[in-house]
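Report on the following structure.
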Amino acid sequence: MKALLLEQKDKNTLAAVKEIDESSLPEGDVTVEVEYSSLNYKDALAITGKGKIIRQFPMVPGIDFAGRIRHSEDVRFHAGQEVLLTGWGVGENHWGGLAELARVKGDWLVPLPQGLDCRKSMIIGTAGFTAMLCVMALEDAAITPASGEILVTGASGGVGSTAVALLSALGYTVTAVSGRESMHPYLHHLGASTILDRSEFAAARPLEKQRWAGVIDTVGNEMLAAALAQTQYGGCVAACGLAGGFALPTTVMPFILRNVRLQGVDSVMTPSMRRLEAWRRLARDLPEAFFTDVATEITLSETPQHAQAIMENSAHGRILVKMK
Ligand code: NDP
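Structure, rendered in structure tokens:
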């Protein structure tokens, strides 16, 4: 089988497509012929070695994949069935989706939801799944389109693009934050009504003018602090990312004076019931145009250069990896 293999030499991560014997696959009760995987921010950190994602080498990266089951020892799944996987440490501490075959635990798999095929499910991928979890977090906080505007940060990235498209399709008014003026037409096309520059969100005061009913933040750091300071009374901020850093230079003021809710969102260990619900919603709520608007399709051998582009903030939308 062909796989992107990460090895370590002199503390540097080396990434190359190699031919690997199937017998090297890790333990697991289901073997999947991968049709599509995708490149997420975490994959880019792993492949470039810029983040300490991988601790055991050699490793096949790829935190998500979709494909057809070749063999299953799990009675819930059968050969020929289409499935997808995101998270659970796959592509981090268990060989992942950037390979022609993956062997995983049946517990980690999601049957392909009705309305999606393997390709579409990986255009969504971990990033889009996380965006849906963030939207559901706002809904859980009773934020509706009537509550007011929603801010999406890191908007031209994978999570951000999907969040803008989803919120807009659900009738919310979306303000997108981007550091790239060249992305404005793309973001308007996805459904953002207003676009603000990243630089406007540096060094916020503890409380600022109340602007957002809800926020989906993929950036962290000063961006998240500013978003909290601008969230209106009773609003909710769903925080899922750290593209701008993992710090949070904020105060308690938004929480104790404006009843603001800061809701963390993790996609890796999301329990199965919520996973199934999020995928059902993604299949139902994303407009058809989303799949052509956000996807760049690449081959396995092109993944290292695109991982580098993600790290340099020169990629946008979702990068889909076609395995064959
Ligand atoms: P992308 O690289 O696709 O998008 C990130 C976006 O953030 C960029 O497109 C850019 O948007 C913006 N950005 C990049 N660098 C900076 C910076 N230094 N300061 C401010 N903004 C910046 O990544 P994803 O969308 O895949 O992931 C976004 C974040 O969410 C990552 O931190 C990732 O680790 C996290 N994540 C978390 C998950 C979870 O389970 N909690 C799951 C998936 C992702 P623009 O150019 O428009 O400003």
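Heads up: the sequence shown runs through residues 749 to 1072, numbered per my numbering. All residues carry an ideal CB built from backbone N, CA and C; glycine is no exception.
Any non-hydrogen atom of the ligand NDP closer than 7 Å to residue i Cβ
i, result
"Asp777", "no"
"Ile801", "no"
"Asn841", "no"
"His1064", "yes"
"Ser772", "no"
"Lys790", "yes"
"Thr966", "yes"
"Asp822", "no"
"Ser869", "no"
"Leu1010", "no"
"Cys984", "no"
"Ala903", "yes"
"Arg946", "yes"
"Cys988", "yes"
"Asp1041", "no"
"Asn1007", "no"
"Met931", "yes"
"Thr979", "no"
"Gly906", "yes"
"Asp1014", "yes"
"Gly844", "no"
"Thr874", "yes"
"Thr1051", "no"
"Gly992", "yes"
Identity of the residue in the options nearest residue i by Cα
i, options, result
"Val922", "Asn1061, Leu914, Ser941, Leu955", "Ser941"
"Phe994", "Pro1002, Phe825, Val1016, Asn969", "Asn969"
"Ala763", "Ser785, Leu793, Met749", "Leu793"
"Ala1037", "Asp812, Arg946, Ile943, Ile872", "Ile872"
"Trp1027", "Leu915, Asn841, Thr834, Ala991", "Thr834"
"Glu840", "Pro809, Val883, Pro861", "Pro809"
"Ala961", "Ala991, Val1008, Leu918", "Val1008"
"Lys750", "Ile811, Lys800, Leu849", "Leu849"
"Leu752", "Asp769, Asp758, Ser930", "Asp769"
"Leu1005", "Ser1020, Leu990, Gly983, Ala991", "Gly983"
"Glu1025", "His842, Ala814, Cys882, Ile801", "Cys882"
8 Å contact criterion, which residue i and residue j should meet: CB distance rounded
i, j, result
"Gly863", "Arg1023", "In fact, because the Cβ distance is near 16 Å, the residues do not count as touching under 8 Å."
"Val1069", "Ser785", "4 Å"
"Val778", "Gly854", "5 Å"
"Val1073", "Ala924", "Past the edges of the chain, shown from 749 to 1072, lies residue 1073, and the structure says nothing about it."
"Ile964", "Val900", "5 Å"
"Val780", "Arg818", "7 Å"
Quick check for students: name the residue ranges of the beta strand (DSSP E) that lie wholly in the stretch 1005 to 1051, counting only runs of 3 or more.
1009 to 1012, 1043 to 1047
Margin query: So within the stretch 784 to 812, which uninterrupted beta strand (DSSP E) runs reach at least 3 residues, ignoring any that extend past its ends?
Written below: You should have found no qualifying run.
Query raised in the report: Where in the stretch 935 to 1007 do unbroken runs of the beta strand (DSSP E), each at least 3 residues long, occur, reported from the N-terminal end onward?
Result: Secondary structure remark: continuous beta strand (DSSP E) runs of at least 3 residues inside the stretch 935 to 1007, in chain order: 942 to 945, 960 to 965, 979 to 987.
*asked:* Ignoring anything shorter than 4 residues, give me the alpha helix (DSSP H) runs that lie fully in the stretch 877 to 930, in order along the chain.
replied: Counting only runs of 4 or more, we get 906 to 917.
Of all the alpha helix (DSSP H) runs that stay within the bounds of the stretch 833 to 877, which reach a length of 4 or more residues?
none
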